[in-house]
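**Student:**
There are 4 protein chains.
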Amino acid sequence: MIRFESDYLEGAHPLILKRMEETNFEQTAGYGNDPFCDSARQKIKKLCGSADVDVHFLVGGTQTNFTVISAILRPYQGAVAASTGHINVHETGAVEATGHKVLALPSEDGKITAAQVRQAYEIHWNDADHEHIVQPGLVYISQPTENGTLYSREELQALHDTCTELNLPLFMDGARLGYGLAAQTNTLTLEDIANLTDVFYIGGTKVGALFGEAVVISNPAFKKDFRYLIKQHGGMLAKGRLLGIQFDTLFTDGLYFDIARQADGLAMRLKKAFLDKGYGLRFDSYTNQQFPILPNDHLERLKEKYSFAFWEAVDASHSAVRFCTSWATKEAAVEELIRDIEKL
Amino acid sequence: MIRFESDYLEGAHPLILKRMEETNFEQTAGYGNDPFCDSARQKIKKLCGSADVDVHFLVGGTQTNFTVISAILRPYQGAVAASTGHINVHETGAVEATGHKVLALPSEDGKITAAQVRQAYEIHWNDADHEHIVQPGLVYISQPTENGTLYSREELQALHDTCTELNLPLFMDGARLGYGLAAQTNTLTLEDIANLTDVFYIGGTKVGALFGEAVVISNPAFKKDFRYLIKQHGGMLAKGRLLGIQFDTLFTDGLYFDIARQADGLAMRLKKAFLDKGYGLRFDSYTNQQFPILPNDHLERLKEKYSFAFWEAVDASHSAVRFCTSWATKEAAVEELIRDIEKL
Amino acid sequence: MIRFESDYLEGAHPLILKRMEETNFEQTAGYGNDPFCDSARQKIKKLCGSADVDVHFLVGGTQTNFTVISAILRPYQGAVAASTGHINVHETGAVEATGHKVLALPSEDGKITAAQVRQAYEIHWNDADHEHIVQPGLVYISQPTENGTLYSREELQALHDTCTELNLPLFMDGARLGYGLAAQTNTLTLEDIANLTDVFYIGGTKVGALFGEAVVISNPAFKKDFRYLIKQHGGMLAKGRLLGIQFDTLFTDGLYFDIARQADGLAMRLKKAFLDKGYGLRFDSYTNQQFPILPNDHLERLKEKYSFAFWEAVDASHSAVRFCTSWATKEAAVEELIRDIEKL
Amino acid sequence: MIRFESDYLEGAHPLILKRMEETNFEQTAGYGNDPFCDSARQKIKKLCGSADVDVHFLVGGTQTNFTVISAILRPYQGAVAASTGHINVHETGAVEATGHKVLALPSEDGKITAAQVRQAYEIHWNDADHEHIVQPGLVYISQPTENGTLYSREELQALHDTCTELNLPLFMDGARLGYGLAAQTNTLTLEDIANLTDVFYIGGTKVGALFGEAVVISNPAFKKDFRYLIKQHGGMLAKGRLLGIQFDTLFTDGLYFDIARQADGLAMRLKKAFLDKGYGLRFDSYTNQQFPILPNDHLERLKEKYSFAFWEAVDASHSAVRFCTSWATKEAAVEELIRDIEKL
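Chains as they are written, first to last, in the numbering used here: chain S, 1 to 344; chain B, 1 to 344; chain G, 1 to 344; chain E, 1 to 344.
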């Protein structure tokens, strides 16, 4: 079985394992107060073009999402998000478990617009009964989205401007951020993102690390006591150095970007193969997740050899599915899959 | 200004105030452990046709909703409800504040069907990633709904059967239950409701009381320690007798039903006046809430003399609005309004 | 049975019931936006010597405590309180249910000192692992305490100064505040309290009202969106006018203070009777709660005719108990009890 | 600087890193549904002497504690624990953040007794106002305790019997369980512990792993849907295999026990050195944590070369401190420290 169903099928990039082995017997303080974390923080700050951002390392995406969101919101506020947003559909109600409603906006491709945010805000504040309704308290977006789509610089700028005007912090879930930054259609840098969001994170789990997400806080209002929140929510790794080592390695010699570029490139080859074969695409993704629409019988045939994720039924005889590439995807595997697609 | 915007514009039915005055100096134990509460409980049990239900008195509807829902659900479960359900839109996220997501189902008229419940259940359990998704944990319905519509006996039976089959407790918000029971189209008794739900409540606040909701628990699984939950959520009134006195009075000589019948009757006269005038209805309600659609300029003229609630814009020049009657609505006020409608 | 076990044994002061009856058919807006609430707010502001405080009306004490505390604290902060504080022992974990630990300080008489607060603060911040420990986020005190004792002006000033210095908001639970203000040993006015706390409340439930607590917010930081929190926590009464009517009546012609003075006076007569008989006192209270220590066999004899609350065993043959007076306590009942004490 | 301040100063046992490297490119399903986790589960079940226990892998101790505790408790229940219990003092209120109070019992050495549990239970249920008080809902113990002390077989049996009788689930925090099992005074096996607790966990983070805790659920009542809770609380690692690989390695050829035995042995040598020097011990520990009491000036001298943790001031001139050994502690380092102790 050749697996394409997710981007967390293997361990970590070998350079990370190597670094962990080399440093294994060094003694360091725990909980992220170690030289590896410090070094990784410096590298990330530099890439963000600011010494003033705070950088914290958490273990996983769900944890990061509910930790950041509960840090920002007041108890009666909710998180505005696309209805397809990870926090709305795939985190077992983790945000609600911290007491907050997800205020879902309709979305075709996984993105929401500045105009939608403004409208949600105005509907709330224009309602005579607004005190009886959850108040929009922040805007959550994913880059790339759960559907592989990307916010352009203009779109993010518009969200930033609207959020700033409406006093709504903007939080970007970057669980797959690398694959976004490396996409051929990308128009954003880490520095742009640090400037245009209040908080965002750089995903490690799906981009070469064993695990780990690097949270970058630009808005000073949310820096205070953030470590208390990490600890309370179970995100403060005793051997925090493991996160430092991983992010330090990923941001040495551009490894993070190389990994993502490679994976995106393989995904583009897959995309071309699907299109060449005449299949439609559920979403037009330029990142490591591809969402072709195939006849169900073709999918059955592919399943004998490949694993991929069912996404949704499109009609009685066609389904959208997801194929992911990652840092670990072998070129040979992609080529073999392409040949098999051609034969369908 | 003659007010019709809600059904909680005045104090309480005079018999309630009279009873409160008569008993004012009697000394009783607190927290609902008094003879008035006991007497009210007995009357409600009798109306429910069962000595085995538990009856508790809480202060208000939002409080009752989140207390019951958090009593039933496990931490990772959510409450299935119509998107228009009170818990989803008008309780400032009270259910989420107890850690639970509201799983909203689309609804045109405020009702949800057994088929919708089954579908939501199946979608959840058929999803390979269901552990990452909030699990449906109970079904919440309102009778009458927030739109004045009613579940029929058949509809409630179907919901009950489906919920029983799927092991989903059924909880009915009866904040305006009296107006439902007294409606000319009603096909349900309190006994039916006690039989067909796991928990429901009989609203007092909007049906003649100063405040108060009587929770009836049929399912033995949810009886244990319910008073702890009431106390923890701030619903255990020190002078609990006030709730007992009110419900005891409401269920003496059928006062609760008389009040509701009178209010529904006045609402039906209003409805006829709107229809006779040629106005449409946003929802076809046979209860104390009426939702006519009027030209905006007509509404402006009515506003000079009457208050009512804006519901939603229907088109550029028409809006749906809500007029409520209650136990306190004066016949003369309704007649005056009808005359003014005829003149529009 | 003549009851002395609590101060919520009867209904409300007759003037309140009278006012409710007189205004019963007036139509008003709901949720506290009515002229009665407005009038009550103005009277309370005047008594607090400031037009700048915000005044909100909630239904009960537990509800008020967890609403205010969750409004003030950040998620990782706790409420510093006496170990005997109501929030620590008698609210079924309502504060914890909003996510916050109660940081209990030892207390003999129900009070805590400025020095204790400073020490708790310093222990926290001097701990190398303070990020792993709940951060002190506010100080909760009760006036009178649960043991009937009172903070003096100097003690409250010292708490205020320390709290201000340490940036710890000071919140006073005034569930029985009237009985404190009316005590012969009292040195504080409502104006003092408004000046020396960030938030406090004036208890109605136990001082003549059917129910209700008036929250006074002096610190501008906690005024914003407080009504959202009231609604979310089930404290926003639909017929909010009932709270307005009650507090407006209580603060007309000094009724609140008259009620409390009368009850305190009767309590002092009881206290004298216990002392004259040679009984000890568990706490030296000048308010409406008295805590004599009696031989258990004497208590058994009193129990035949009177109800009172067991407080704690003092030794094998003696127990401390609580007798409460209230606005409704009849002078004759107290005199009868005194005669029976003398006969023991 | 030679570090002894904790048992999480280094990476992981080399065999773990080796295994991670060997398996790095194998493709597996995520979230713990992989062959490595399956294999580790089988090994743990075998050691627990039961195929019927459920085994889950979480990332860290705080996370495990609040996930298990919130899985067991009803909303109005609390966790009975020693006042020194990790959940009460060093998890930033994580348990309270899930809505539950920690019901702290006094403890000199970190342990609580069956008699204390019974007393707490009886005090609660004998209180006339028990509905106003947090209900004891489970008993939390640590083995070894935070002070390095151990429950004997008899003590654990007594706790189990009492808990069973009182229907209080017993949960054991085994963050350092290995060091307990390997202690020369230990009288318990994993099988005993599985039999005598409802849920416990086998700590990996502090016993040779990079991170990870293996939860063993014996009580069928708590097995249902546990994975939902892990996910909701951020404990479901995408690359769950990492946990499987680690625990599988630790439980191959007794590595887990060897590691612990080695660390305990070094700790015993340290203990002897402290005793030989005439120092007192704050706690009489036979595990990897040692708590000698030293004159402050001696501590100052040791600090120049060694790191250790301050525990508490014993008197004006003496302090208790903590030295930890671990799987990674070098014999030479311990010998050097012993020589330096002798020279003090």
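Each residue gets a CB set at the ideal place from its N, CA and C atoms; glycine is no exception.
#1: Across which residues does DSSP place S:L170 in a beta bridge pair?
#2: If you draw a straight line from the alpha carbon of G:V117 to that of S:Q184, how long is it in whole angstroms?
#3: Can you list, in chain order, the residues of its chain whose CB lies under 7 Å from that of S:S317, leaving out five sequence neighbours each side?
#4: Do the region 187 to 207 of chain B and the region 227 to 239 of chain B meet, that is, are 3 or more Cβ pairs less than 8 Å apart?
#5: With 16 other CB atoms within 10 Å as the buried threshold, where does G:N126 fall?
#6: Check this for me: beta carbons of G:L156 and G:L181, under 9 Å apart or not?
#7: Grouping DSSP H, G and I as helix and E and B as strand, with all else coil, what is E:G180?
#8: Could you name the residues of chain G that S:Q232 contacts, counting a contact when the two beta carbons are closer than 8 Å?
#9: Whose CA, out of G:S307, G:K239 and G:V334, lies closest to the CA of G:K272?
#10: Identify whether E:E335 lies in helix, strand or coil by the three-state DSSP scheme.
#11: Output needed in chain order: residues of the region 296 to 325 of chain G with a Cβ under 9 Å from some Cβ in chain E.
#12: Take the Cβ of S:E213 as the centre, count every other Cβ of all protein chains shown within 10 Å, and call the residue buried at 16 or more, exposed below.
#13: Can you tell me which residues form a DSSP beta bridge with G:S319?
#14: Within 9 Å (strictly less), CB to CB, does G:D34 reach chain S?
#15: Would you mind working out which of S:Y179, S:Q42, S:V59 and S:D225 sits nearest G:R74, comparing C-alpha positions?
#16: Spell out whether any CB of chain B is found under 9 Å from the CB atom of E:H132.
#17: Just to confirm before moving on: does the CB-CB distance between G:R322 and G:W311 stay below 9 Å?
#18: At a Cβ cut of 9 Å, what residues of the region 100 to 112 of chain G count as close to chain B, listed as they run along the chain?
#19: Using 9 Å as the threshold, is the C-beta distance between E:T329 and E:L275 below it?
#20: Taking Cβ-Cβ distances shorter than 8 Å, what residues in chain E pair up with S:N24?
#21: Checking contacts by CB at 9 Å: is S:A40 closer than that to chain C?
#22: From the beta carbon of S:Q119, is the nearest beta carbon of chain G less than 9 Å away?
#23: Using a C-beta to C-beta distance shorter than 7 Å, which residues of chain B count as neighbours of G:V59?
#24: So S:L344 is in the alpha helix (DSSP H); what residue range does that whole segment cover?
#25: Let me check understanding here. Comparing Cα to Cα, which of S:F211, S:I72, S:A209 and S:D248 lies closest to S:L170?
#26: Which value, in whole angstroms, describes the spacing of the CA atoms of S:K45 and S:S39?
#27: How would you write the range of the alpha helix (DSSP H) that S:Y201 sits in, first residue to last?
#28: Suppose the cutoff is 6 Å on Cβ atoms and the five residues either side in sequence are ignored; what does the same chain contact list for B:T28 look like?
#29: In its own chain, which residues sit with a C-beta less than 7 Å from the C-beta of G:A238, not counting the 5 before and 5 after it?
#30: Residues of the region 222 to 252 of chain E with a CB closer than 7 Å to any CB of chain B: list them in chain order, please.
#31: Return the residue from the list G:Y306, G:F283 and G:C37 that minimises the CA-CA distance to G:I341.
#32: Going straight from the alpha carbon of B:N219 to that of B:R176, what length do you get?
#33: Assign B:F66 to one of two classes, buried (16 or more other C-beta atoms within 10 Å of its C-beta) or exposed (fewer than that).
#34: In chain B, which residues lie less than 7 Å from E:S70 when you measure between Cβ atoms?
#35: Which same chain residues end up closer than 6 Å to S:A309 when comparing Cβ atoms and leaving out the 5 residues on each side of it in sequence?
#36: Under 7 Å, CB to CB, which of the residues in the region 194 to 220 of chain S have a partner in chain E?
**Tutor:** Reading from the atomic positions:
#1: S:V139
#2: Roughly 59 Å between the two C-alpha positions.
#3: P295 and N296
#4: no
#5: exposed
#6: no
#7: helix
#8: P75 and Y76
#9: G:V334
#10: helix
#11: Answer in chain order: A309 and F310.
#12: buried
#13: G:L294 and G:A313
#14: False, the Cβ-Cβ gap to chain S never drops below 9 Å.
#15: S:D225
#16: Output row for E:H132: interface = yes.
#17: yes
#18: none
#19: no
#20: E10, G11, A12, P14 and L17
#21: Although the question refers to chain C, the structure presented lacks it and instead comprises the protein chains S, B, G and E.
#22: no
#23: V59
#24: For S:L344, there is no enclosing alpha helix (DSSP H), as DSSP marks it with neither H nor E.
#25: When each option's Cα is compared against that of S:L170, the closest is S:I72.
#26: When rounded, the distance between both Cα atoms is 10 Å.
#27: Counting along the chain, no alpha helix (DSSP H) covers S:Y201; the unbroken beta strand (DSSP E) around it starts and ends at V199 to G203.
#28: Once the five neighbours on either side are set aside, the close Cβ partners of B:T28 are D34 and R241.
#29: G30 and Y31
#30: D225, R227, Y228, L229, K231 and Q232
#31: Ranking G:Y306, G:F283 and G:C37 by Cα distance to G:I341 puts G:Y306 first.
#32: 22 Å
#33: Burial state of B:F66 is buried, judged by a 10 Å Cβ sphere holding 16 or more other Cβ atoms.
#34: P75
#35: Excluding positions up to five away in sequence, the list reads E5 and R322.
#36: T205, L210 and F211
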